[in-house]
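Q: Plus 9 on top of the position in the sequence shown (first one is 1) and you've got my numbering. C-beta: ideal position from N, C-alpha, C; glycine also. Input: one structure, supplied below.
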Amino acid sequence: MRLAVLKETKAGETRVAATPETAKKLIALGLTVAVEAGAGFASGFPDAEYAAAGAEVAPDAAAALDGARIVFCVRAPDAPLPSGMLLVGTLAADADAVAGYAQGGIEACSLELAPRITRAQSMDVLSSQANLAGYRAVIEAAGTFDRGFPMLMTAAGTIPAANAFVMGAGVAGLQAIATARRLGGRVSATDVRPAAKEEIKSLGASFVGYEDEESKSAQTAGGYAKQLSADFYAKQAEVVAAHIAKQDVVVCTALVQGRKAPILVTEAMVASMKPGSVIVDIASDAGGNCAATIPGQMVTTPNGVKILGFHNWPGRIPAAASALYARNLLTFLTTFWDKEAKAPKLPPEDDIVAGVTLTRGGAVVHKNFLPAAAA
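In structure tokens:
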């Protein structure tokens with residue numbers, strides 16, 4: 010059976026869905042692996058390394074797909090896929106895309122929909138990529154901030170440590186806290202989820218936030234933050250507004266699954282910050298947590314605050330992001346690999362399979378899209 014890895018075509022996408030390491034392991038399963046030429050170049054994996062691992066380097070997407078039954082991708086590919094194909098990636102599909110997969114006879118598996126259960130941790134693409142995004146956000150902030158991150162004591166005087174405030178203590182936020190602490194910053198953080206307070210403190214950061222009865226139920230069973238009331242966000246904003254005015258670096262990481270990112274940093278809060286301060290908005294792809302964020306850009310406000318709203322934060326550390334992402338996909342396939350048939354076997358009743366499978370046998374099967382399909 011042939012597995013194809015295509016070069017990503019979406020603007021700004023630097024990651025690749027298989028590395029030479031995972032290609033070698035896929036071949037060990039009994040697969041023939043075809044990698045489109047240049048697919049790993051932006052992540053630091055040249056074609057020669059794939060060839061050395063035993064993969065075929067195909068000159069273009071059509072050649073890679075020729076005879077393939079499985080496609081690994083980071084984003085949904087633009088190339089037309091043959092009917093009967095198993096497509097695995099972070100497809101971020103809408104109802105129209107899902108209907109298109111069904112009509113094309115594609116078995117589409119979107120791994121960002123994997124349930125938050127123990128069995129699925131090693132194939133959790135959201136966590137692996139968010140972890141690196143949180144790290145990269147602080148590194149970018151340190152590079153942009155025009156003073157030192159740690160306290161610097163010199164014969165000419167002392168430079169105080171940077172005050173860093175992390176908004177959202179999920180996977181990305183916790184990594185941002187840990188990285189800011191390692192760089193020597195004075196770190197504080199906030200999150201609406203009740204469990205986050207102790208996690209924040211366990212990393213040596215101080216907790217800032219508003220707590221009430223509503224916040225006690227601010228977490229889904231899957232561990233995500235829930236959308237809360239406008240009244241709660243207003244009170245939370247009052248608590249953090251005074252705190253933000255004293256910060257040198259603010260890292261925004263708050264996402265609500267399936268929704269636009271909540272605005273946590275208002276224009277007034279940005280205006281209260283000191284010149285030279287930095288806001289890093291990891292949530293920029295979902296609209297941003299900062300009211301002044303322009304997705305895809307770095308801007309400087311009239312009062313001298315720099316706001317980094319780049320797209321695709323994991324893609325800004327592509328070698329590491331690709332390595333982890335490729336292992337996530339490898340784990341998914343090996344978990345559901347029939348060794349005797351040397352083919353994937355995806356039982357529909359399995360919790361993970363049911364969570365990620367959008368289409369099967371020419372039909373839409375994912376619960377999130379069944380009403381739209383019926384309409």
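With H, G and I counted as helix, E and B as strand and the rest as coil, what does DSSP make of Lys315?
A: As a working note, residue 315 is residue 306 in the sequence shown. Three-state DSSP puts Lys315 in a strand.
Q: How many angstroms separate the CA atom of Phe81 from the CA atom of Asp133?
A: Here the question's residue 81 lines up with position 72 in the sequence shown. Here the question's residue 133 lines up with position 124 in the sequence shown. Cα to Cα, Phe81 sits roughly 15 Å from Asp133.
Q: Could you give the DSSP three-state label for Val44: helix, strand or coil?
A: By one-based count along the sequence shown, residue 44 stands at place 35. It is a strand residue.
Q: Going by C-alpha to C-alpha distance, which of Leu273, Glu149, Gly152 sits closest to Tyr219?
A: What you label residue 219 is simply residue 210 of the sequence shown in a count that begins at 1. Checking every option, the nearest Cα to that of Tyr219 belongs to Leu273.
Q: Can you give me the C-alpha to C-alpha distance between Gly267 and Gly166, rounded to a whole angstrom?
A: By 1-based counting over the sequence shown, the position of residue 267 is 258. By 1-based counting over the sequence shown, the position of residue 166 is 157. Cα to Cα, Gly267 sits roughly 49 Å from Gly166.
Q: Output needed for Ala173: all residues of its chain with C-beta closer than 6 Å, excluding positions within five of it in sequence on either side, in chain order.
A: As a first step, residue 173 must be located in the sequence shown, where it is residue number 164. So the qualifying residues of the chain are Ala189, Gly194, Val196, Val258.
Q: How would you write the range of the alpha helix (DSSP H) that Arg336 sits in, first residue to last?
A: Position 327 of the sequence shown, counted from the first residue, corresponds to residue 336. First-last of the alpha helix (DSSP H) with Arg336: 327–344.
Q: For the beta strand (DSSP E) containing Asn140, name the first residue and the last one.
A: Start at 1 with the first residue of the sequence shown, and residue 140 comes out as number 131. Careful: Asn140 lies outside any beta strand (DSSP E), inside the alpha helix (DSSP H) at 134–153.
Q: Within the same chain, show all residues whose beta-carbon is closer than 6 Å to that of Asn140, passing over the 5 residues directly before and after it, in chain order.
A: Taking the sequence shown and counting its residues from 1, the one referred to as residue 140 is at position 131. Only Val180, Gln184 meet the Cβ criterion.
Q: Return helix, strand or coil for Val97, following the three-state DSSP convention.
A: Residue 97 sits at position 88 when you count from the first residue of the sequence shown. Looking at Val97 - three-state DSSP - the assignment turns out to be strand.
Q: In terms of residues, what are the limits of the beta strand (DSSP E) holding Asp388?
A: Residue 388 is absent from the structure shown; the chain starts at 10 and stops at 384.
Q: For Glu276, tell me which candidate among Asn312, Lys244, Leu120, Ala170 has the shortest Cα-Cα distance.
A: For the purposes of this step, residue 276 is identified with residue 267 of the sequence shown, where counting begins at 1. The option with the nearest alpha carbon to Glu276 is Asn312.
Q: Enumerate in chain order the residues of its own chain whose CB-to-CB distance from Pro323 is below 6 Å, with the five nearest sequence positions on each side excluded.
A: The residue you call residue 323 lines up with position 314 of the sequence shown. Around Pro323: Gln138, Leu141, Ala142, Ala330.
Q: Closest by CA to Tyr110, which one among Arg191, Leu96, Asp360?
A: Here residue 110 refers to the residue found at position 101 of the sequence shown. Here the closest residue by C-alpha is Leu96.
Q: According to DSSP, is Cys118 helix, strand or coil?
A: For this step, residue 118 is matched to residue 109 along the sequence shown. The answer is strand: DSSP assigns Cys118 an E or B state.
Q: Compute the beta-carbon to beta-carbon distance between Val279 and Pro271, rounded to the nearest angstrom, for a pair I have assumed lies under 8 Å.
A: Taking the sequence shown and counting its residues from 1, the one referred to as residue 279 is at position 270. Taking the sequence shown and counting its residues from 1, the one referred to as residue 271 is at position 262. With 8 Å as the limit, Val279 and Pro271 do not qualify as a contact, their Cβ atoms being about 16 Å apart.
Q: If you reduce the DSSP assignment to three classes, tell me which class Gly166 lands in.
A: The residue labelled residue 166 in the question sits at position 157 within the sequence shown. It is a strand residue.
Q: Taking only three categories from DSSP, how would you classify Thr188?
A: Translated into the one-based positions of the sequence shown, residue 188 becomes position 179. Helix.
Q: Which residues does DSSP list as the beta-bridge partners of Arg128?
A: Taking the first residue of the sequence shown as 1, we reach residue 128 at position 119. According to DSSP, which records beta bridges pairwise, Arg128 is partnered with nothing at all.
Q: For Arg145 versus Arg336, is the C-beta spacing smaller than 8 Å?
A: Sequence index remark: in the sequence shown, residue 145 carries index 136 (1-based). Sequence index remark: in the sequence shown, residue 336 carries index 327 (1-based). Not in contact: Arg145 and Arg336 (Cβ atoms no closer than 8 Å).
Q: What does a CB cutoff of less than 6 Å around Met307 pick up in its chain, not counting 5 residues either side in sequence?
A: Indexing the sequence shown from 1 puts residue 307 at position 298. Same-chain partners within the cutoff: Leu317.
Q: Quick check on Leu379: buried or exposed, where buried means 16 or more other Cβ atoms within 10 Å of its Cβ?
A: Residue mapping note: residue 379 aligns to position 370 of the sequence shown, counting from 1. The residue in question, Leu379, is exposed, as its Cβ has fewer than 16 Cβ neighbours within 10 Å.
Q: Quick check: what's the CA-CA separation for Gly113 versus Leu342?
A: In the sequence shown, residue 113 corresponds to position 104, counting from 1. In the sequence shown, residue 342 corresponds to position 333, counting from 1. Using only the alpha carbons, I get a separation of about 22 Å.
Q: What three-state label does DSSP hand Pro68 in the structure shown?
A: Here the question's residue 68 lines up with position 59 in the sequence shown. Of the three classes helix, strand and coil, the one that applies to Pro68 here is coil, per DSSP.
Q: Might you give, ordered along the chain, the residues of its own chain that have their beta carbon closer than 6 Å to the beta carbon of Ala27, omitting 5 neighbours on each side?
A: Walking along the sequence shown from the start, residue 27 turns up at place 18. Closer than 6 Å at Cβ, skipping near neighbours: Val14, Phe81, Ala335.
Q: Using alpha carbons as the reference points, say which of Thr340, Arg369, Pro304 lies closest to Gly21.
A: For the purposes of this step, residue 21 is taken as the residue at position 12 of the sequence shown. The shortest C-alpha separation from Gly21 is found at Pro304.
Q: Quick one: Cα of Arg11 to Cα of Ala104, how far?
A: Here the question's residue 11 lines up with position 2 in the sequence shown. Here the question's residue 104 lines up with position 95 in the sequence shown. Going by the C-alpha atoms only, they are around 29 Å apart.
Q: Using the rule of at least 16 other Cβ atoms within 10 Å of the residue's Cβ for burial, across every protein chain shown, is Asp347 buried or exposed?
A: Along the sequence shown, read from residue 1 onward, the residue named residue 347 stands at position 338. Flag for Asp347 reads exposed.
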